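Those sequence lines, one after another, are chains A and B. Position one of the first sequence corresponds to residue 1 (this note's numbering), numbered consecutively onward. Position one of the second sequence corresponds to residue 543 (this note's numbering), numbered consecutively onward. Heads up, the beta-carbon is just placed ideally off N, CA and C, and yes, glycines get one too. Note that the coordinates shown come from a computational prediction; the quantities given were computed from them, not determined experimentally. Notes to accompany the following structure.
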Amino acid sequence: MADRRRWQEELDRSPVRGVPFETMSGIPLDPVYGPDGAELPGQFPFTRGPYASMYRSRLWTMRQFAGFGTAEDTNHRFKQLLRSGGNGLSTAFDMPTLLGRDSDDPLARGEVGRAGVALDTLADMETLFEGIDLGAVTTSMTINSAAAPVMAMYVSVADETGVPRTALDGTIQNDILKEYQAQKEYVFPPRPSVRLVTDLVRFATAELPRWHPVSVSGYHIREAGSTAAQELAFTLANGFAYVEAATAAGLAVDEFAPRLSFFFNAHIDFFEEIAKCRAARRIYARWMRDRYLASDPRSLALRFHAQTAGVSLTAQQAEVNLARVAIEALAAVLGGTQSLHTDSYDEALALPTEKAARLALRTQQVIAEETGVVHVADPLGGSWYVEELTDELERRAEEVFSHLLDVGEGSMLEGVLACIEDGWFCAEIADSAYRFQCKIASKQWVQVGVNGYTEGDDDRTELLYIDPAVETRQLAKLAAVKQARDDDAVRRCLGRLAREAADPTANLMPALIDAAKAHVTVGETMRALSSVFGTWSERALA
Amino acid sequence: MTGQVRAGRALARRPPEPPVRVLLAKVGLDGHDRGLRVVARVLRDHGFEVVFAGLRQTPESIAAAVVQEDVDVVGVSMHNGAHLTLAPAVIRALHDAGLTTPVVVGGIVPDLDVPRLEQAGVAAVLGPGASNEQVVEAVRGAARRRTP
Numbered sequence: 001m002a003d004r005r006r007w008q009e010e011l012d013r014s015p016v017r018g019v020p021f022e023t024m025s026g027i028p029l030d031p032v033y034g035p036d037g038a039e040l041p042g043q044f045p046f047t048r049g050p051y052a053s054m055y056r057s058r059l060w061t062m063r064q065f066a067g068f069g070t071a072e073d074t075n076h077r078f079k080q081l082l083r084s085g086g087n088g089l090s091t092a093f094d095m096p097t098l099l100g101r102d103s104d105d106p107l108a109r110g111e112v113g114r115a116g117v118a119l120d121t122l123a124d125m126e127t128l129f130e131g132i133d134l135g136a137v138t139t140s141m142t143i144n145s146a147a148a149p150v151m152a153m154y155v156s157v158a159d160e161t162g163v164p165r166t167a168l169d170g171t172i173q174n175d176i177l178k179e180y181q182a183q184k185e186y187v188f189p190p191r192p193s194v195r196l197v198t199d200l201v202r203f204a205t206a207e208l209p210r211w212h213p214v215s216v217s218g219y220h221i222r223e224a225g226s227t228a229a230q231e232l233a234f235t236l237a238n239g240f241a242y243v244e245a246a247t248a249a250g251l252a253v254d255e256f257a258p259r260l261s262f263f264f265n266a267h268i269d270f271f272e273e274i275a276k277c278r279a280a281r282r283i284y285a286r287w288m289r290d291r292y293l294a295s296d297p298r299s300l301a302l303r304f305h306a307q308t309a310g311v312s313l314t315a316q317q318a319e320v321n322l323a324r325v326a327i328e329a330l331a332a333v334l335g336g337t338q339s340l341h342t343d344s345y346d347e348a349l350a351l352p353t354e355k356a357a358r359l360a361l362r363t364q365q366v367i368a369e370e371t372g373v374v375h376v377a378d379p380l381g382g383s384w385y386v387e388e389l390t391d392e393l394e395r396r397a398e399e400v401f402s403h404l405l406d407v408g409e410g411s412m413l414e415g416v417l418a419c420i421e422d423g424w425f426c427a428e429i430a431d432s433a434y435r436f437q438c439k440i441a442s443k444q445w446v447q448v449g450v451n452g453y454t455e456g457d458d459d460r461t462e463l464l465y466i467d468p469a470v471e472t473r474q475l476a477k478l479a480a481v482k483q484a485r486d487d488d489a490v491r492r493c494l495g496r497l498a499r500e501a502a503d504p505t506a507n508l509m510p511a512l513i514d515a516a517k518a519h520v521t522v523g524e525t526m527r528a529l530s531s532v533f534g535t536w537s538e539r540a541l542a
Numbered sequence: 543m544t545g546q547v548r549a550g551r552a553l554a555r556r557p558p559e560p561p562v563r564v565l566l567a568k569v570g571l572d573g574h575d576r577g578l579r580v581v582a583r584v585l586r587d588h589g590f591e592v593v594f595a596g597l598r599q600t601p602e603s604i605a606a607a608v609v610q611e612d613v614d615v616v617g618v619s620m621h622n623g624a625h626l627t628l629a630p631a632v633i634r635a636l637h638d639a640g641l642t643t644p645v646v647v648g649g650i651v652p653d654l655d656v657p658r659l660e661q662a663g664v665a666a667v668l669g670p671g672a673s674n675e676q677v678v679e680a681v682r683g684a685a686r687r688r689t690p
């Protein structure tokens, strides 16, 4: 079969890790199993994995999300990580930064540097990556509403330190649609927000060939209470909406689609999670080929990052979370993830301590090094149960797509926007969250330590406390930067931002980069944009 | 279901009381509203009147809503570690508006912080994994302690 030959060729071309691919008894293992004519990994429709050799060539990236306090604090963590052999940096920003507000904004009180690093001006971005060669690391930045201004700062640091833009490698989440549906970190209304996403996609396509300008994220949809089927459907619909937005802005699908990536939740329902990953790849490949006419194989193969389910963690008997995380991480690996964050056992209570974060990483290492599950691609492919679940999740996702296309009169982008605007996604997710709570209340679902097996909750887990002095230090730094900058340049930059925001054909990235270099704050930038775009608040329904 | 049965029995034993009115709000920038939305439905299931203020409320906007809606209890939800700053700020804002409406805090609150919140005047704290019964009892208990 042609497929088998192509798969074999790709496999032969792939690098091989220097470990024996055999069981503990010494039984040699094939890279994949199945009857003649079975689907193969790396081959359309990619149900069994995006690559022919999967983990035989390269394990998933163990990318642990971190960030707290000031840029100095996080820079210190980054350098520790790099010294211990890591090269993937992952940045969490604090709530004010995520929402495009400066540390001195009245609404920022109590939240500066608390759930991530505080970033106000280019000076903070410089500190964050001080002593780190941006051309030699991959950086993941988890930010959405303020993604474009923050990306502009990152590019500015590269420009200043002589790193060519073409060498920048990493991912910015930049997925605004799921913010209206689930995570609720929105600022502008949906339509101008999608324009900002598209501006960044266009900019990256032209200037940052190694950068992933959008990570289409189901994680937060699931955390907000959706089912696995809803997570799958809503996330892919959002992905298709971005594809439509980028092609409408004049890009050819194969120009940008190879650098779209996804981010899924790895929850506790083991086989359904594995089936979800398989279904996601298959649906995506079909839609990208048949509806969006992509032809580059890299445009068809869905690649994703996974994170274990924060909501599955319990504050009661917190150490039990180690077991949950291990099972969820195993599901992600059996689902063929490219990158994984394992939650720390103390995260139902606070940000992780160093010890808890280390145990979370060790959990991934046990799966990678000890369990042997990495030797064979898609080991559950062909299981009647998992194949049926994969098909059923695909059917359910297709039902949602049909609904969205109906609403959008043939456009996924319009369908998604309309269902955001009328609160459909929020209502669907809230219904599922409520149904789950009812199962807990009636004990149809037993959560160990919460509504069953509750004896023994006497441990006092050591927690990370954020020094309240962080806020004071950050405010002093911001004041000093504002004092030292050229106010006329700031005014010029803000004027240009507002002008170009009003011109829907302009790409805002160059103006954002100039503003970053003039030390315009994130908050000032966002206010200039909202003077044109307006702001968004959802209808308060529950 | 069990909650409705319990509420029914309580009504049978006592003369009917007007339903407790609760304002539910996320305070600050935190967007994690799953818990607040679930709590809203649980409270409605148990006969409470819920005024859902939702996201991005400030201490001042909460105080204004309490005056306007004449609620018996305020429930605020925080998941981003800002509770030690924001919960006392809500109580101060209520106080400044001449109100003594009890405040119940829900969200990710480490045990160690509970006495500090209580000292600041918080009526009850509902941490992760709180059951429907605990939610209902906390709000009902806070309403009973409301000084007229």
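Thr142 (chain A) and Thr91 (chain A) closer than 8 Å at C-beta:
yes
If you draw a straight line from the alpha carbon of Ser383 (chain A) to that of Gly335 (chain A), how long is it in whole angstroms?
13 Å
Using DSSP with H/G/I as helix, E/B as strand and the rest coil, what is Arg109 (chain A)?
Of the three classes helix, strand and coil, the one that applies to Arg109 (chain A) here is coil, per DSSP.
Under the three-state DSSP convention, the category Phe129 (chain A) falls into
coil
With 8 Å as the threshold, decide whether the Cβ of Glu111 (chain A) is near any Cβ in chain B.
yes
Under 8 Å, with one C-beta from each stretch per pair, do the stretch 160 to 173 of chain A and the stretch 124 to 136 of chain A reach the 3-pair mark?
yes
Which residues mark the beginning and the end of the alpha helix (DSSP H) in which Glu591 (chain B) is found?
Unbroken run through Glu591 (chain B) is the beta strand (DSSP E), Glu591 to Gln599; no alpha helix (DSSP H).
Which chain B residues sit within Cβ distance under 7 Å of Ala622 (chain A)?
Outside the displayed span of chain A (1 to 542) sits residue 622 (chain A), for which this structure offers no information.
From the beta carbon of Leu597 (chain B), is the nearest beta carbon of chain A less than 8 Å away?
yes
CA-CA distance, Pro561 (chain B) and Val592 (chain B)?
Each residue's alpha carbon lies about 10 Å from the other.
Since Thr205 (chain A) is in the alpha helix (DSSP H), which residue starts that stretch and which ends it?
For Thr205 (chain A), the uninterrupted alpha helix (DSSP H) segment begins and ends at Pro190 to Glu207.
Sub-8 Å separation of Ala275 (chain A) and Leu393 (chain A) beta-carbons
yes
By the DSSP assignment, the beta strand (DSSP E) with Arg543 (chain A) in it spans what residues?
Residue numbering for chain A in the displayed model covers 1 to 542; residue 543 (chain A) lies beyond these limits and cannot be assessed.
In this structure, what does DSSP give as the bridge partners for Phe262 (chain A)?
A:Val216 and A:Phe304
Looking at the structure shown, is Phe93 (chain A) part of a helix, part of a strand, or coil, going by DSSP?
strand
Could you name the residues of the stretch 557 to 582 of chain B whose beta carbon sits closer than 8 Å to any beta carbon of chain A, in the order they occur along the chain?
Cβ contacts with chain A: Leu566, Gly570, Leu571, Asp572, Gly573, His574, Asp575, Arg576, Leu578, Arg579, Val580 and Ala582.
For a test of the three-state rule: what should DSSP assign to Glu22 (chain A), helix, strand or coil?
strand
Contact between the stretch 10 to 30 of chain A and the stretch 289 to 302 of chain A: three or more CB pairs below 8 Å?
no
C-beta atoms of Val201 (chain A) and Ala167 (chain A) nearer than 8 Å
no
Identify the contact partners of Val450 (chain A) in chain B, using a Cβ-Cβ distance below 7 Å as the criterion.
Gly671
Please classify Ala38 (chain A): does DSSP put it in a helix, a strand, or coil?
coil
How far does the beta strand (DSSP E) with Met412 (chain A) in it extend, from its first residue to its last?
Not the beta strand (DSSP E): Met412 (chain A) falls in the alpha helix (DSSP H), residues Met412 to Glu421.
Pro657 (chain B) at chain A interface by Cβ criterion, 8 Å:
no
Just to check my reading of the structure: Asn144 (chain A) and Gln173 (chain A) have Cβ atoms closer than 8 Å, yes? What is that Cβ distance to the nearest angstrom?
6 Å
Any beta carbon of chain B sitting closer than 8 Å to that of Thr171 (chain A)?
no
Interface residues of the stretch 619 to 638 of chain B facing chain A [CB-CB below 7 Å]
Asn622, Gly623, Ala624, Thr627 and Leu628
Using the C-alpha atoms, what's the distance from Ala52 (chain A) back to Asp3 (chain A)?
C-alpha separation (whole angstroms): 11 Å.
For Tyr55 (chain A), collect the residues of the same chain with a Cβ closer than 6 Å to its Cβ; drop the 5 residues on either side in sequence, then sort them by chain order.
Val374
Against chain B, with Cβ distances strictly below 8 Å, would Thr314 (chain A) count as a contact?
yes
Note down the Cα distance separating Val667 (chain B) from Ala418 (chain A), rounded to an integer number of angstroms.
38 Å
Would you report the Cα separation of Ala549 (chain B) and Arg563 (chain B), rounded to the nearest angstrom?
Interpretation of Ala549 (chain B) is limited by its pLDDT of 44, a score under 50 that renders its predicted location unreliable; no figure is taken from the coordinates.
What's the gap between the Cα of Phe594 (chain B) and the Cα of Thr535 (chain A)?
20 Å
Assuming the contact rule is C-beta atoms closer than 8 Å, Met526 (chain A) and Pro149 (chain A) should be a hit. Round their C-beta distance to whole Å, please.
7 Å
Looking at C-alpha atoms only, which residue of A:Arg291, A:Glu273, A:Ala285 and A:Arg324 is the closest neighbour of Ala306 (chain A)?
A:Glu273
Taking only runs that begin and end inside the stretch 324 to 353 of chain A, name each unbroken beta strand (DSSP E) of 3 or more residues, in chain order.
Taking only runs of at least 3 residues, the beta strand (DSSP E) segments lying wholly in the stretch 324 to 353 of chain A are 339 to 341.
Quick check: is the beta carbon of Val664 (chain B) nearer than 8 Å to any beta carbon in chain A?
no
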